[in-house]
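For the sequence shown, our numbering assigns the number 172 to the initial residue and increments by one for each residue that follows. Note that CB positions come from ideal geometry on N, CA and C, so glycine has one too. First up is the structure itself, then whatever we jot down about it.
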Amino acid sequence: DGDRPGPPRFVLAADTLRDVTGAPIFSDRQNIPNVTDIDCDGQPDLFIGRVDGTVMRYEQGSTDANGIPRFRLVTDRFENIEIIGQIVGSLHGANTMAFGDVDGDGDEDLFWGDFFEPGLLLIENTGTCGTPSLRGEPVGFPPGNPLRTSGYNAPTLGDPDGDGDLDLLVGVLGGAFNANATAADNLYFLEQTPDGFPVRTRRFLDGIDVGSESVPALADLDADGDLDLLVANKIVPGEPNTSRIYLFENQGTPRQPAFHLTDSLALAPAFHYAPALGDLDADGDLDLLVGTWNEGIAFYRNEGTPQQPDFRLEAPGYVELTRGSNSMPALADLDADGDLDLLVGEASGTLNLYRNEGT
């Protein structure tokens, strides 16, 4: 279609934001800044949270040769804001912020997420579009039923459902309140309704997510001619005693896979599972090697069939690393002698080759 616009093409316009003197503008480590036109003058303002809970405000002072704004520091204590974590006493931490007119009164309100805050804080702008005033106490949002996660919540406002009002997306980065609990349920969608902002989903992007530091392995586990998927995690979200390996059966085709969670494997408790599959006993079905954080590699023999595997622990210390941790195995015939060799990665970046000198 000749009238259809082409895909966007992004070109690096600036290596970093700079002030009016050309010096780089720095943010505290892990703090996420925000740009908005807080005073409705048609020019962007830059806000940077500090680890002490205060906010720096810059306003555009000029532009560079590429038209990129250069900013002038207005104040390092914007509106005298100083936010302290609400639950863990007098603590500050890494923070995020977003501005938006959440109450529809024509000015920008401030949302704040903090490493030491399990919720999301709102400071209402009680001024006007041209004369903002954000000097009220931060309150938990939504009012009456404030959000509670593992903390360090990153908000953004928009209209993803296209109904003409501002909704709220919150990415849960994981703070001081058991970050593992939200390792999978970590993108909240709060829809604006006449009754408030109910949470519609904790997984706004629907996909395979079993938690942090996940490790996949592909193999035809039901002998139907297409690849199925195993996915392991670091720790089971909400269950801090072990990892888990999940089985996603391919209910599509080899060319158009459709993975559906059908089971999880019953394995010995350990952390940082890393699966690898191969027929290690030449009986025509796939056996399982599982790398772990600090217990080496376990061997699970398939006592079932190619169509219905049944993995039983044969040797918990099948391969033990002499140094390092986070063993990650891979099986392949690396010397073309007809049997499977073993390659093991570890946290230090070292790769260890174990040549199969058996059969």
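C-alpha gap between residue i and residue j, whole angstroms
i    : j    : result
G220 : I203 : 7 Å
A503 : L514 : 8 Å
T424 : S414 : 29 Å
E250 : A269 : 16 Å
A325 : V381 : 21 Å
F419 : I239 : 47 Å
L400 : V191 : 53 Å
T187 : A194 : 10 Å
T327 : V206 : 12 Å
L217 : I196 : 10 Å
N497 : L244 : 46 Å
N266 : F282 : 11 Å
E279 : I209 : 6 Å
F286 : G264 : 5 Å
G520 : P446 : 18 Å
L492 : H443 : 15 Å
V226 : D247 : 6 Å
F198 : D223 : The question names Phe, but residue 198 is Ser in the sequence shown. Approximately 12 Å, taken between the alpha carbons.
D235 : R241 : 7 Å
F482 : V341 : 39 Å
G333 : E362 : 11 Å
E410 : N404 : 12 Å
G307 : I252 : 9 Å
T297 : L305 : 6 Å
L505 : L511 : 7 Å
A184 : S233 : 15 Å
E466 : P487 : 8 Å
A501 : P480 : 19 Å
Residue i, enclosing beta strand (DSSP E) - first and last residue
i    : result
D216 : D216 to G220
S435 : F430 to S435
F181 : Taken as a continuous stretch (DSSP letters only), F181 belongs to no beta strand (DSSP E), as it is neither H nor E.
D293 : Reading off the sequence shown, one finds Leu at residue 293, where the question assumed Asp. Its beta strand (DSSP E) spans residues L291 to I294.
V343 : D338 to V343
G488 : F482 to V490
R472 : I468 to N473
I196 : Note, I196: premise wrong, no beta strand (DSSP E); not H, not E.
A447 : A445 to G449
D397 : Per DSSP, D397 belongs to no beta strand (DSSP E) and is neither H nor E.
F287 : Taken as a continuous stretch (DSSP letters only), F287 belongs to no beta strand (DSSP E), as it is neither H nor E.
G516 : D512 to G516
R371 : V370 to T372
A503 : M499 to A503
F375 : Note, F375: premise wrong, no beta strand (DSSP E); not H, not E.
Where residue i sits in the DSSP three-state scheme
i    : result
A236 : coil
L251 : For the sequence presented, residue 251 should be read as Asn rather than Leu. Helix, per DSSP.
N351 : helix
E410 : strand
F270 : strand
V381 : coil
Y323 : coil
D212 : coil
P440 : coil
R243 : strand
E420 : strand
Q478 : coil
T530 : coil
R542 : Since the first and last residues shown for the chain are 172 and 530, residue 542 lies out of range.
T299 : coil
Beta-ladder partner(s) of residue i, from DSSP
i    : result
P387 : V402
D308 : The question names Asp, yet the displayed sequence has Glu at residue 308. None; E308 has no bridge partner.
R228 : F218 and T246
L460 : A447 and F470
Three-pair Cβ contact test at 8 Å for the region 356-374 versus the region 385-402: no
The region 316-325 in contact with the region 344-351 per 3-pair CB rule at 8 Å: Result yes; three or more Cβ-Cβ pairs closer than 8 Å.
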